[in-house]
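S.K.: Residues -7 to 117 in the working numbering are what the sequence shown lists, from first letter to last.
Glycine residues also receive a C-beta, built at the ideal position from the N, C-alpha and C atoms.
This structure is a prediction, so every number in the text was calculated from the model and none was measured.
After the structure tokens below, expect a handful of questions from me.
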Amino acid sequence: MRIKMTLRLAFVILLMLNLGAVTTLAWNFFSFQQQISVLNTRIAEKNLETETQRQAVLDAARSQFKAVSETYSRIMQDSKASFALLVSRLEEQNKRNEQQLAVRLEEIDRMILLLRERQKNMRKD
């Protein structure tokens, strides 16, 4: 039960981290869109004479967005790897706990059998 709760807590934490990354990416995307819009407005107002200048501005905005997208991809991959590692560690701990529980249950069974034998012996005496 504790492991399930721990897994759920870990999942929620990772989900919150991913949500933060998504929010950051969305904010950066929105910001870049605004920057592109402002740049396009400036371009239209100033009537840039060459297509080369306009293309350079757009390329810069695209490269910024590409960098943000790559960063987000790395964050997602790291989050997935961290979550997978956490799950595997929790599964290992669960196995160890189950083994310890099995040993303890065997000990309790032996103690119960010994107590029953003692009771029988005491009744005979």
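1) By the three-class DSSP mapping on this structure, what secondary structure does residue 63 have?
2) In chain order, what residues of the same chain have a beta carbon less than 6 angstroms from the beta carbon of residue 63, not counting five sequence neighbours either side?
3) Closer than 6 angstroms by C-beta to residue 57: which residues in its own chain qualify, once you throw out the five before and the five after it? Chain order, please.
4) Could you pull out every residue in the same chain whose Cβ sits closer than 6 angstroms to the Cβ of residue 54, ignoring the five residues on either side in sequence?
5) Under 8 angstroms, do residue 82 and residue -2 count as touching if we go by C-beta distance?
6) Which one of -4, 107 and 61 has the shortest CA to CA distance from residue 22?
M.R.: Judging by the given coordinates:
1) Counting from 1 along the sequence shown, the entry for residue 63 is found at position 71. Residue state, collapsed to three classes: helix.
2) For the purposes of this step, residue 63 is identified with residue 71 of the sequence shown, where counting begins at 1. Cβ neighbours of residue 63 beyond the five flanking positions: none.
3) In the sequence shown, residue 57 corresponds to position 65, counting from 1. 24.
4) Sequence index remark: in the sequence shown, residue 54 carries index 62 (1-based). Correct list: empty, nothing qualifies.
5) Reading the sequence shown from its first residue, position 90 is the one you call residue 82. Reading the sequence shown from its first residue, position 6 is the one you call residue -2. Yes; because the gap between Cβ atoms is below 8 angstroms, this pair is in contact.
6) Locating residue 22 in the sequence shown gives position 30, where the first residue counts as 1. It is 61.
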